[in-house]
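Residue numbering for the sequence shown follows the numbering used here, starting at 2 and increasing by one per position. So the structure is just underneath, and the comments pick up after that.
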Amino acid sequence: QVQLVEFGGGSVQPGGSLRLSCAASGFIFTHYAMSWYRQAPGKERDLVAVAPSVGSRTNYSDSVKGRFTISRDNAENTVYLQMNDLKPEDTAVYYCHAQWNFGVLHFWGKGILVTVSD
2 QVQLVEFGGG SVQPGGSLRL SCAASGFIFT HYAMSWYRQA PGKERDLVAV
52 APSVGSRTNY SDSVKGRFTI SRDNAENTVY LQMNDLKPED TAVYYCHAQW
102 NFGVLHFWGK GILVTVSD
């Protein structure tokens, strides 16, 4: 059974930091690129960051570049999103996503809420 379970969300003040984790199970983790998406209220779901299964070349949306860092631990089947200098516009539900390297198969986590406010 495939599972992507997100941890680490919550509320933080502007300028603060949070670290999201996504624990994966039920599939071969190293065969999948892992990503984080987010969806703010009333908006579409947008890609935040991508960590490919091979190599270290990560990618980020312009809105988070320089503030967020994605990483993965293939031994622990976990992907992380370190979020620094958080802003109110980072408030969203954050989703973990796995994309199979060899086709269209993909999986979503259920999402976790991050709120940035005073």
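Glycine included, C-beta positions come from ideal geometry on N, C-alpha and C.
CB residue i to CB residue j, shorter than 8 angstroms?
| i | j | result |
| --- | --- | --- |
| residue 96 | residue 33 | no |
| residue 41 | residue 92 | yes |
| residue 101 | residue 5 | no |
| residue 62 | residue 82 | no |
Taking the C-alpha atoms as reference points, what is the distance between residue i and residue j?
| i | j | result |
| --- | --- | --- |
| residue 69 | residue 23 | 15 angstroms |
| residue 85 | residue 105 | 32 angstroms |
| residue 118 | residue 17 | 10 angstroms |
| residue 99 | residue 35 | 5 angstroms |
| residue 57 | residue 90 | 28 angstroms |
First and last residue of the beta strand (DSSP E) that includes residue i?
| i | result |
| --- | --- |
| residue 47 | 46–52 |
| residue 70 | 69–74 |
| residue 113 | 113–117 |
| residue 25 | 19–26 |
Given 8 angstroms, three or more beta-carbon pairs between the region 107–116 and the region 8–26: yes
Contact between the region 21–33 and the region 74–86 is defined here as three or more beta-carbon pairs at a separation below 8 angstroms; is this criterion met? yes
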